[in-house]
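Q: Below is one structure. I have some questions about it.
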Amino acid sequence: MIITTLTMRTRDPIGPHSRLPGLSGAESWQAHAHGARPCAIAGTRTWGRGLRRTRGRGGYMGGSSRASRPAPALRAPPDRSMGGFHPTPWRRHRPFRCPSRGRAGASHVTGNGAAPSGSSDSGPGRRGQALRRRRGAGGPELRGSRVSGAAETGSGGGPETSAWAAPADWPRGIMSVKAFRLVPAVEREMLMGDKVRINIECIECCGKNLYIGTNDCFIYHFLLEEKISATGKITFAATKQLYKHLGFKKAVNELKAASALNRLLVLCDNTMTLVHMMNLEPVPSGARIKGAVTFTLNENPVSGDPFCVEVCIISVKRRTIQIFMVYEDRVQIVKEVLTPEQPCAVAVDGHYLCLALTTQYIILNYNTGNFQDLFPYCSDEKRPIVKRIGRQEFLLAGPGGLGMFATVDGISQRAPVHWSENVIGAALCFPYVVALDDEFITVHSMLDQQQKQTLPFKEGHILQDFEGKVIVATDKGIYILVPFPLERQIQDLLASHRVEEALVLAKGARRNIPKEKFQVMYKRILQQAGFIQFAQLQFLEAKELFRSGQLDVRELISLYPFLLPTSSSFIRSHPPLHEYADLNQLTQGDQEKMTKCKQFLMSYLNEVRSTEVANGYKEDIDTALLKLYAEANHESLLDLLVSENFCLLTDSAVWLEKHKKYFALGLLYHYNSQDAAALQLWVKIVNGDVQDPTRSDLYEYIVDFLTFCSDQELVWKYAEWVLLKNEEVGVQIFTKRPLEEQQKNTFNPDDVIRCLNKYPKSLVKYLEHLVLDSKIEKEKYHTHLAVLYLDETLRLKSVATDSCAELNGVQTKLRSLLQKSDLYRVHFILEKIKGTDLHMENAILYGKLEEHDKALHILVHELKDFPAAEDYCMWSSESKNLAYRQRLFHMLLSVYLNPGPSDCELVVAAVDLLNNHAAEFDAAQVLQLVPDNWSLQLLSPFLTGAMRQSIHTKRMTQIALGLAEAENFIYKHEKAKLKGRSIILSDKKLCQVCQSPFCEPAFVRYPNGGMVHTHCAANNRLVNANMTHRFSSPSSQT
Amino acid sequence: MKKPDGKVVLLGDMNVGKTSLLHRYMERRFQDTLSTVGGAFYLKQWGPYHISVWDTAGREQFHGLGSMYCRGAAAVILTYDVNNLQSLTELEDRFLALTDSASADCIFAIVGNKVDLTDECALQPEAEDENRSEKPVTSCISTKVQKQVRMDDAIALYKKILKYRMLDEKDVPAAEKMCFETSAKTGYKDLLWHLQECLGLLFVLCHQGHLGSLKAHNHPDLLQIERKATLWTPRKIS
């Protein structure tokens, strides 16, 4: 039955499923069996066998769907889609199937029980373990358990559903990796028709040329056309070109194409001959290599000669390997090497032969003859496999069904893969190692050495790869293992959340895919993997994947409901990077998970917002971050808003309002230059109209804000409110304005004062600011401030008891102002002060009016504060000269002495004054003032001081004089030096007076340089009296 | 795949806990393992170097592969079970010969595993659950047993190895530093971390043949390594 449909199939590019509705009954089932179950095709010719194979089919499904058996719900859709159509043929076959399972069927049941449940093993790790456990059992159980895995679906799910459990193109996520699909290439009838005894012995594939050698000494040449159906499935159509009998009765042992030479190398009857690739005619020269047991081509020859190939043969001579160069029509032996034992298989790379000897594998350098043992094995028990898998690396069948990797240095760089004990052949299709045993084709990854796929395949005996194409053959038919596109495999892995494997596979594919394409693909895979990790709350891993995958952060943000601004133009990438609509779906409403996800996003966005990842959509990121912070009541919300950010106003405002983050909202307004709105909001918070406890010192914050606010109107608008709340703090909006603004004088002090008139404390502070800090020299402010101080002092004096701290404070300020300022209206203040007991202030005012006697009088007689009086003398004369100061001190002395010596207190004060300030007095005057009855002793400190001062002055003067003279002398000396140049007297120099030459050495030189005879000078002097001023004394000679 | 800069190989009889030790090292936890088939390896970054750490199969069946795994190894860790004297004897009888293919200046460490099962263990295991037999071969399930192998035996073996390799004791790390007792189960002294800490650089340097020149010049790197190595002196279990 299958035969009939097979021919159709190989020609029909349309996949079986799409054809299903068009077929009916049994036919449809078979068609399906082809597409989905290569095993059913493999060597099934009769109904009986085909039916027996239904077990194998199950095996296929089980083998690959081991990771997760589809849940019934998942299986339902295909059932439905097929309607009632499909089950019918199945049911029809089923009665036949059951009895035919026979012994094997029984073993499934036991195996099934023993094998770990496949349905729960979804993680890669556990799956690996499960595999290993099965493998570990080794030997016969291995078969059983593997088949049992296969039987699981059949026995567990019921035949109807299991038939659909895992069609080859079943959507991803259910099966383990589907690395390959088995596609028939050459069917039996095309080769040998119904001749039973004819078997395929060897194959070779080179480009589109497929050569087959048979056991009856025929070579067949086919052209293999690859066809891709609309659904992307690859099928092959082989057309027979030629066939040729070699003229022996032996089987054709090996075929190898040397396409560069256009030759096919044929090994038959221990002789290797050369035939033309196209017409299969032997080369005219008849070149051949005799005595070859087997041969292999060196795919990495050391000689770069393009017109020959290097062939290595195991000779019929014992323990001998021969290396030949094969040209178009001749062969040439280049080397013969003896091996330690009889070789039975060989692979070659460069100078290195990898040999399976009788008891061990070795690496032999045929150039040097050196060899290296690899590991022992027993060639009696099993067929060795030596397979070159790449530059300087081989794959060998090791003990315990291991596929061992070995380099030419005898080192293993990869962990071994675990095959079954009876592996027949191995092939490589990066990144997979494919192995064939008598029941299965197994696929292992070279990257992680794990088994990835099992395809049931009975009676296979050849498995080889040709330029990346993996071909497997039974005695009668040839099939091609078509790899699924790597991208699809990776997607399958991702869909089953096997991130590690997917990434390993993707990385491994790097060298097989063009760089640009790879980068795009790899990025996407990283992103997808990131989302898988994210969904499992593996945030660290997710972050790393997002980072390395350069994820558009909005993809992540868009998972969180409402976070992206409504204005965002973002659309999720298509195809989607993940399967989740939003976070609710992902966490299934679990609040705890939700919180964790949000925290992750917060930290992630915070990390990326300042990196180049954020370029182009900073608004989206910052807005999302703001929303997250606001929602989580996170302290960084404020940091975000006060630093540079791109939060979108409208979106964020709504959100902040919703979460009652009014203060933050104000900050947002401010950031968007809407200070008025910000202030309005904050004022509301302070007034208690809205609640937001973010800042307890919000009032101070507002004051500060207004202080630095450059918008005058706004300041004026809120000035009243601020001052009403707190005069003293509020006035800062005027007094603490930034310096540069003060210089520009944007606020007119008069306006401010007018405004502050209602707030006395503020007014004082403001005037203090103007007068004391800004040092504005305007009489108005000084007087105003003095009056305010004075009023306050008087007010306090009237209410408070004495020595009140507040009073003292104000009074000190008043005095200090009166003393230091020269700008206020003295008379006006004096007017106000008169009649009060503010004597000190009074004295200061008199001092300002230069009425020192009045001032001193008050100080001495009314206050009796002598130190104050002395102080007065000091500060009043501070910027004046010494005489002024002396005058003041004398004035004070006379005030002390004037009432007469009767007042003892004043006398003491006078004596103290004299003794303490000896230097401030003119001693001579003082002595006249001092009453005669004062003892010398009383005044001795003064006198000593005065004397000392006087002497000091005298000596200082003398020194100054001496120094001045010395200086003068130095200048004179310098001047003389400058003028005293020597003069050369010659015949040519003439006297300026008589215009005759000098006859004797003596001459007269005028300061202007003119020279005359001495006698002329004498005469001239008489004539010109005005020339008498100094001239240099006659200086001499030549 | 990046080519590793050095290779460390774990050797030892089956069921002594090689895979578990490696798990403890790589993942910092104990995990039930299955009998290793063939071998497995891990890549690990030690400073600037990529080190491949090979876990080998102890089963007799795979014994032939050991020599290939050891080829060019910069360090070999011989593992035994402190409760199984035979496992120590096997190291000498069966595994030492495998190291012939290791690099000439290969470093050896001898590790006794499963101290958590002995009554001399100073530390309490993490859990006292009943099915704590980490290997089927372990005869003791719930009671602690007398330790079968003493540290001295291991040290004696180490010295034998040096003789076998014809190395001078002066040229290699001292026996006391290279013989450990540990437990993969409880994590009591994570052997490989210590090795990494003490000797990571040393391995690499040996591997690259730098050690000789470093020694000649009293290179600070080497001094540092030696200092590190002395920092970690095996604690006597009391």
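Protein chains in written order, with full-length UniProt numbering: chain A, 1 to 1038; chain B, 1 to 238. For each residue, glycine too, the CB sits at the ideal point set by N, CA and C. All values derive from a computational prediction rather than experimental measurement.
1. Step through the CB atoms of chain B and report whether any lies within less than 8 Å of the CB of A:H444.
2. DSSP on A:F295, reduced to helix/strand/coil?
3. Decide if A:V196 is buried, meaning its Cβ has at least 16 other Cβ atoms within 10 Å, or exposed.
4. Cβ of A:I411 less than 8 Å from any chain B Cβ?
5. Flag A:L638 as yes if its beta-carbon sits less than 8 Å from any beta-carbon of chain B, otherwise no.
6. Any idea which residues DSSP pairs B:G12 with across the strands?
7. Where does A:E870 fall in DSSP's three states?
8. Using the beta-carbon of each residue, which ones in chain B are nearer than 8 Å to A:L402?
9. Would you kindly check if the distance between the Cβ of A:A397 and the Cβ of residue 1108 of chain A is under 8 Å?
10. For the segment 390-409 of chain A against the segment 356-363 of chain A, do three or more pairs of beta-carbon atoms, one drawn from each stretch, fall closer than 8 Å, so that the two count as touching?
11. Which residues in the same chain as A:L665 place their Cβ atom closer than 7 Å to its Cβ, once the five residues preceding and following it in sequence are excluded?
12. Would you say A:P384 faces chain B, with C-beta separation under 8 Å as the test?
13. I'd like to confirm the pairing. Which residues does DSSP put opposite B:G6 in its beta bridges?
14. Does the distance from the CB of A:Q376 to the CB of A:A356 come in under 8 Å?
15. Exposed or buried, what is A:K775 when buried is set at 16 or more other beta-carbons lying within 10 Å of its beta-carbon?
16. Comparing C-alpha positions only, which one of A:A1017, A:C999 and A:D639 sits nearest to A:P1007?
17. According to the Cβ coordinates, are B:Y49 and B:G6 closer than 8 Å?
18. Classify A:I571 as buried or exposed, calling it buried when 16 or more other Cβ atoms lie within 10 Å of its own Cβ.
19. Can you confirm whether the segment 175-186 of chain B touches the segment 105-120 of chain B when touching is taken to mean that 3 or more C-beta pairs between the two stretches lie within less than 8 Å?
20. Rounding to the nearest angstrom, what Cα-Cα distance links A:E741 and A:V683 in this structure?
21. Helix, strand or coil for A:R288? Go by DSSP, reduced to three states.
22. Which residues of chain B have a Cβ atom closer than 7 Å to the Cβ of A:K428, listed in chain order?
23. B:G72 touches chain A at which residues, Cβ-Cβ below 9 Å?
24. When the cut-off is 8 Å and only beta carbons count, does A:P284 lie next to chain B?
25. Could you have a look at B:H210 and say whether DSSP puts it in helix, strand or coil?
26. For A:P576, count the other beta carbons within 10 Å of its own beta carbon; 16 or more makes it buried, fewer makes it exposed. Which is it?
27. To the nearest angstrom, how far is the alpha carbon of A:M272 from that of A:R263?
28. Just list the residues that DSSP pairs A:N687 with in beta bridges.
29. Quick one: what's A:N209 bridged to in DSSP?
30. Using a cut-off of 7 Å between C-beta atoms, extract the partners of B:I69 located in chain A.
31. In angstroms with no decimal places, state the Cα-to-Cα distance between A:F180 and A:V482.
32. If I follow the unbroken beta strand (DSSP E) through B:T99, where does it start and stop?
33. To the nearest angstrom, report how far apart A:D492 and B:M26 are at their CA atoms.
34. Quick one: what's got a C-beta closer than 7 Å to A:F394's C-beta in the same chain, skipping five residues either side?
35. Mind checking which residues open and close the alpha helix (DSSP H) that includes A:T587?
36. In the DSSP assignment, what residue or residues form a beta bridge with A:G460?
A: Looking at the coordinates:
1. As a working note, residue 444 of chain A is residue 444 in the first sequence. Contact with chain B is absent for A:H444, since none of that chain's Cβ atoms lies less than 8 Å from the residue's Cβ.
2. The residue you call residue 295 of chain A lines up with position 295 of the first sequence. Residue state, collapsed to three classes: strand.
3. Within the first sequence, the letter at position 196 stands for residue 196 of chain A. Counting Cβ neighbours within 10 Å, A:V196 comes out exposed, since fewer than 16 surround it.
4. By one-based count along the first sequence, residue 411 of chain A stands at place 411. Yes, contact with chain B.
5. By 1-based counting over the first sequence, the position of residue 638 of chain A is 638. For A:L638, not one C-beta of chain B is nearer than 8 Å to its own C-beta.
6. The residue you call residue 12 of chain B lines up with position 12 of the second sequence. In DSSP, B:G12 forms a bridge with B:T79.
7. Position 870 of the first sequence, counted from the first residue, corresponds to residue 870 of chain A. Reduced to three states, the DSSP call for A:E870 is helix.
8. One-based indexing of the first sequence puts residue 402 of chain A at position 402. Simply V37, G38, F62 and L65.
9. The structure shown has nothing for residue 1108 of chain A, since chain A only spans 1 to 1038.
10. Taking one beta carbon from each stretch, the segment 390-409 of chain A and the segment 356-363 of chain A have 3 or more pairs nearer than 8 Å; the two touch.
11. Taking the first sequence and counting its residues from 1, the one referred to as residue 665 of chain A is at position 665. The answer, listed in chain order, is A653, L656, E657 and L681.
12. Residue numbering aside, residue 384 of chain A sits at position 384 when the first sequence is read from its first letter. A:P384 does not count as touching chain B.
13. Within the second sequence, the letter at position 6 stands for residue 6 of chain B. Answer by DSSP bridge pairing, in chain order: B:I51.
14. The count along the first sequence starts at 1 and reaches residue 376 of chain A at position 376. The count along the first sequence starts at 1 and reaches residue 356 of chain A at position 356. The sequence given here places Pro at residue 376 of chain A; Gln does not occur at that position. No. Outside cutoff.
15. Locating residue 775 of chain A in the first sequence gives position 775, where the first residue counts as 1. Classification for A:K775: exposed.
16. Here residue 1007 of chain A refers to the residue found at position 1007 of the first sequence. If we check each option's Cα against that of A:P1007, A:A1017 comes out closest.
17. Translated into the one-based positions of the second sequence, residue 49 of chain B becomes position 49. Translated into the one-based positions of the second sequence, residue 6 of chain B becomes position 6. The criterion of a C-beta distance shorter than 8 Å is satisfied by B:Y49 and B:G6.
18. Locating residue 571 of chain A in the first sequence gives position 571, where the first residue counts as 1. The residue is exposed, with fewer than 16 neighbouring Cβ atoms inside 10 Å.
19. With a cut-off of 8 Å, the segment 175-186 of chain B and the segment 105-120 of chain B count as touching, because enough Cβ pairs lie within range.
20. For the purposes of this step, residue 741 of chain A is taken as residue 741 along the first sequence, with counting starting at 1. For the purposes of this step, residue 683 of chain A is taken as residue 683 along the first sequence, with counting starting at 1. Per the coordinates, the alpha-carbon of A:E741 lies some 25 Å from the alpha-carbon of A:V683.
21. Numbered from 1 along the first sequence, position 288 holds the residue referred to as residue 288 of chain A. Here A:R288 sits in strand by DSSP.
22. Here the question's residue 428 of chain A lines up with position 428 in the first sequence. First, the residue type needs correcting, since residue 428 of chain A is Leu and not Lys in the sequence shown. Residues of chain B passing the Cβ test: none, with the nearest at roughly 15 Å.
23. Residue 72 of chain B sits at position 72 when you count from the first residue of the second sequence. By Cβ distance, chain A contributes D409, G410 and I411.
24. For the purposes of this step, residue 284 of chain A is taken as the residue at position 284 of the first sequence. For A:P284, no Cβ of chain B is located within less than 8 Å of the residue's own Cβ.
25. Along the second sequence, one-based indexing puts residue 210 of chain B at 210. Its pLDDT being 43, under 50, B:H210 is placed unreliably in this model, and the value from its coordinates should be taken loosely. Of the three classes helix, strand and coil, the one that applies to B:H210 here is coil, per DSSP.
26. As a working mapping, residue 576 of chain A is identified with position 576 in the first sequence. Classification of A:P576: exposed, given that the 10 Å Cβ count is below 16.
27. For this step, residue 272 of chain A is matched to residue 272 along the first sequence. For this step, residue 263 of chain A is matched to residue 263 along the first sequence. About 12 Å.
28. Counting from 1 along the first sequence, the entry for residue 687 of chain A is found at position 687. When beta bridges are read from the DSSP output, A:N687 appears opposite no residue.
29. Locating residue 209 of chain A in the first sequence gives position 209, counting from the first residue. The partner list for A:N209 (beta bridge, DSSP) reads A:C206 and A:L223.
30. Here the question's residue 69 of chain B lines up with position 69 in the second sequence. The residue asked about is misnamed: residue 69 of chain B is Tyr in this sequence, not Ile. The answer, in chain order, is S412.
31. Translated into positions along the first sequence, residue 180 of chain A becomes position 180. Translated into positions along the first sequence, residue 482 of chain A becomes position 482. For A:F180 and A:V482, the distance between alpha carbons rounds to 5 Å.
32. In the second sequence, counting from the first residue as 1, residue 99 of chain B sits at position 99. Boundaries for B:T99: no beta strand (DSSP E) harbours it, and the DSSP string shows neither H nor E there.
33. By one-based count along the first sequence, residue 492 of chain A stands at place 492. By one-based count along the second sequence, residue 26 of chain B stands at place 26. The C-alpha of A:D492 lies about 28 Å from the C-alpha of B:M26.
34. The residue you call residue 394 of chain A lines up with position 394 of the first sequence. Around A:F394: A347, C354, V386, K387, R388 and A406.
35. Walking along the first sequence from the start, residue 587 of chain A turns up at place 587. Per DSSP, A:T587 belongs to the alpha helix (DSSP H) from L583 to T587.
36. One-based indexing of the first sequence puts residue 460 of chain A at position 460. In DSSP, A:G460 forms a bridge with A:T474.
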